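Number of protein chains: 2
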Amino acid sequence: MARGPASAASGAPAAGEKRRRPGRRPGAADTRGEILAAARRVFAEKGFDKATIRGIAREAGVDPALVHHYFDTKDGIFVQAMQLPMDPAVALPAVLAGPREEVGERLVRFILTLTSDPQAREPVMALMRTAMAHEQAEVMIREFVTRAVLGRVAEALKIPPIRLEVAFAQMFGVIMMRYILKLEPLASASIDELVALLAPTIQRYVDG
Amino acid sequence: MARGPASAASGAPAAGEKRRRPGRRPGAADTRGEILAAARRVFAEKGFDKATIRGIAREAGVDPALVHHYFDTKDGIFVQAMQLPMDPAVALPAVLAGPREEVGERLVRFILTLTSDPQAREPVMALMRTAMAHEQAEVMIREFVTRAVLGRVAEALKIPPIRLEVAFAQMFGVIMMRYILKLEPLASASIDELVALLAPTIQRYVDG
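Protein chains in written order, with this note's numbering: chain H, 157 to 364; chain R, 157 to 364.
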C-alpha cells in the first residue's frame, strides 16, 4: 500500500488525466481522502484508544467495510492519516527479530536511518510539534505511542515499560537535538558514530 | 538577584505602593523591564553569540553601565529575559563539584528535581516549544545551550561535546515524555527510581 503524502494522490486519475466525478467508484481518491480526514477528526476528539473503525466510517459517511478495504487496521489508518513514514506493526517485527544482544544496535540504526530521510522525518516532527502545542492531540499521540509502538516492543522483548520509555526518550531527544536544535557535532555525526555511542545505552535498558 | 516572573516586580514600589513616575531613579521597575524586552528582541534577531550588552543597551535606549548594574553577564540577561529557573553559570559548578564517578547521578537528580517544580519547568518548556516552531528562535536557543550549558559542562569535565549532547538528549527526552506526552509509568515514577535508571547512562557518557 502506498504511504505518505504521495499516496493520497495514488488513486487519482493518472497523468494526462480526464477529470471525472468518481460516483460509481468507491475506490476513488477523494473517498479515501475523506476517510482519512474523518479519521483525523475522530482521533483528535476521542484519542487513539477509543477511536474505532466503525466510528471513523460513521464520521466519513461510508460503510465500515469500505474503511477496512482501504486500511487493514486502526494502526494503519492512524499511520496514513498522520502521513507517518511507516506502520510500526509492519516495521517493528523485522527490527526486533535476530539476536537479543544486538537489538539495541538494530533499534538505534533503524531509527537513525529512518529519520535521516527528510520526507520520512517531517511528519513525525509535525506530530511532535502538535503534541507540544495542543493538549487534545497529546492524548491521541500518547496513546498511539504507548499502544502501537512501545507496547509492541515491550511485549516482544519482555521488558518493563519504563525501561522502554527512557530508551524511547533517548532516541527522541537525539532526533530533536540533531534535526531541530541542530547541536554540533551531533547534527553532522555519521549514523555509525551515533550507533557506537547510543546502542550500548539502549541495550542496557533492554537487558534490565 | 531575584529571578523569574516575580523578579520583574522586585524593583517596583513595595506594597501599599504610591504610584509615581520613576524619572530620577534608574533602578525603577519599568527600566529593568524595558531592558529585558530589548534583550528579547536582540537575542531573537542576532542569536545568543552575536548579542552584546552594548547592543542590548542601545536597543533599550539606556547606558550599558545600567545594563551591567542590573545583570552581571550576558548569560544572566538571557536567563532573566527568558524567565529561566536558574543561571547555568551559577548552578552548574555546584552540581559538577564532587567525585567524578558520581557526577552522572548528581546531574540526573539536579535536572529531575528542578523540572519537578512546574514554575521552574514551564519557561524551559516554553523555550523548547519556541525552538520547535520558529527557525529564528532556534538559533538563539542552540547557541545558549551550546555556550552557556553544554560548553561549560564539557570544559569542566573534559568530555567530548558529542557525548555531552547525547547525555543532554537523554535528559531532554525524559522530561518531554514525563511532562508533555505523559507516558506512564514514566510520568508517575519517583525521582529515585529515575535516577537509578538514568544515572548509569549519563555516567557512561561522562566516562567515555
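Where a beta carbon is used, it is the ideal one built from N, C-alpha and C, also for glycine. None of the values given here were measured: they were computed from a predicted structure.
For residue i, count neighbouring Cβ atoms within 10 angstroms of its own Cβ and tell me buried if that reaches 16, exposed if not.
i, result
"glutamate 258/H", "exposed"
"leucine 353/H", "buried"
"arginine 319/R", "buried"
"proline 316/R", "exposed"
"arginine 176/H", "The pLDDT assigned to arginine 176/H is 44, lower than 50, so where the model puts this residue is not dependable; a value taken from the coordinates is nonetheless given after this. Per the 10 Å Cβ criterion, exposed."
"proline 341/H", "exposed"
"glycine 179/H", "Here glycine 179/H scores only 47 on pLDDT, less than 50, and its place in the model should not be relied on; the value that follows carries that caveat. The residue in question, glycine 179/H, is exposed, as its Cβ has fewer than 16 Cβ neighbours within 10 Å."
"alanine 216/H", "buried"
"proline 255/H", "exposed"
"alanine 325/H", "buried"
"alanine 287/R", "buried"
"lysine 230/H", "buried"
"alanine 221/R", "exposed"
"alanine 253/H", "exposed"
"aspartate 363/R", "exposed"
"alanine 323/R", "buried"
"alanine 213/H", "buried"
"tyrosine 361/H", "buried"
Tell me the residue span of the alpha helix (DSSP H) that contains residue i.
i, result
"glutamine 239/R", "Premise fails: glutamine 239/R is in no alpha helix (DSSP H) and is neither H nor E."
"threonine 269/R", "259-271"
"proline 358/R", "Contrary to the premise, residue 358/R reads as isoleucine rather than proline in this sequence. Unbroken alpha helix (DSSP H) run through isoleucine 358/R: 347-363."
"leucine 283/R", "274-289"
"glycine 307/H", "307-313"
"phenylalanine 328/H", "317-335"
"alanine 216/H", "209-216"
"leucine 222/H", "220-226"
Going by Cα to Cα distance, which pick from the options is closest to residue i?
i, options, result
"proline 241/R", "Lys314/R, Leu313/R, Leu283/R and Arg196/R", "Leu283/R"
"isoleucine 358/H", "Leu342/H, Ala310/H and Pro341/H", "Ala310/H"
"glutamine 292/H", "Leu252/H, Gln326/H and Arg197/H", "Arg197/H"
"lysine 335/R", "Asp186/R, Glu261/R, Pro274/R and Ala194/R", "With the sequence shown as reference, residue 335/R is identified as tyrosine, and lysine is not the correct amino acid for it. Per the Cα distances, Pro274/R."
"alanine 237/H", "Ala195/H, Leu339/H and Val330/H", "Ala195/H"
"alanine 247/H", "Val280/H, Ala304/H, Met332/H and Arg360/H", "Ala304/H"
"proline 249/H", "Glu261/H, Ala287/H and Ala312/H", "Ala312/H"
"aspartate 219/H", "Ile191/H, Arg360/H and Pro279/H", "Ile191/H"
"glutamine 239/R", "His225/R, His224/R, Ser272/R and Pro279/R", "Pro279/R"
"isoleucine 209/H", "Gly232/H, Thr187/H and Gly189/H", "Gly232/H"
"valine 264/H", "Val362/H, Asp363/H and Ala355/H", "Ala355/H"
"aspartate 186/R", "Ala200/R, Phe199/R and Tyr226/R", "Tyr226/R"
"methionine 281/R", "Gly260/R, Ala213/R and Phe328/R", "Phe328/R"
"glutamate 245/H", "Leu339/H, Asp228/H and Phe199/H", "Sequence inspection shows alanine at residue 245/H; the glutamate mentioned does not correspond to that position. Nearest option by C-alpha distance: Asp228/H."
"arginine 188/H", "Leu337/H, Val330/H, His224/H and Met332/H", "His224/H"
"aspartate 243/R", "Glu261/R, Gly211/R, Ala200/R and Leu306/R", "Leu306/R"
"phenylalanine 234/H", "Ala276/H, Phe199/H and Met332/H", "Phe199/H"
"leucine 337/R", "Val251/H, Ala289/H, Lys338/H and Glu294/H", "Glu294/H"
"methionine 332/H", "Arg262/R, Arg285/R and Ala276/R", "Arg285/R"
"valine 351/H", "Ala193/H, Gly211/H and Gly260/H", "Gly260/H"
"methionine 339/H", "Val330/R, Ala343/R and Glu321/R", "A small correction: the amino acid at residue 339/H is leucine; methionine does not occupy that position in the sequence shown. For the residues Val330/R, Ala343/R and Glu321/R, the minimum Cα distance to leucine 339/H belongs to Glu321/R."
"serine 272/H", "Arg308/H, Lys314/H, Val330/H and Ala289/H", "Val330/H"
>> Tell me which residues of the region 333-349 of chain H have at least one Cβ-Cβ distance to chain R shorter than 7 Å, keeping chain order.
In response: Met333, Ile336, Leu337, Lys338, Leu339, Pro341, Leu342 and Ala345
>> For the structure I just gave you, are there three or more beta carbon pairs, one from the region 198-205 of chain H and one from the region 297-313 of chain H, closer than 8 Å?
In response: yes
> Touch check for the region 347-363 of chain R and the region 268-278 of chain R: three-plus C-beta pairs under 8 Å?
Replying inline: yes
>> Any C-beta of chain R within less than 7 Å: which residues of the region 272-290 of chain H qualify?
In response: Arg285, Ala287, Met288 and Ala289
>> Residues of the region 234-266 of chain H in Cβ contact with chain R at a cutoff of 9 Å, in chain order, please.
In response: none
>> Beta carbons nearer than 8 Å to chain R: which residues of the region 292-305 of chain H have them?
In response: Here the close residues are Glu294, Ile297, Arg298, Val301 and Thr302.
> For the region 307-329 of chain H, which residues have a CB atom closer than 9 Å to at least one CB atom of chain R, in sequence order?
Replying inline: From the region 307-329 of chain H, only Pro316, Pro317, Ile318, Arg319, Glu321, Val322, Phe324, Ala325, Gln326, Met327, Phe328 and Gly329 have a Cβ closer than 9 Å to chain R.
> Of all the residues that make up the region 349-360 of chain H, which are near chain R by a beta-carbon distance shorter than 8 Å?
Replying inline: Glu349, Leu350, Leu353, Leu354, Pro356, Thr357 and Arg360
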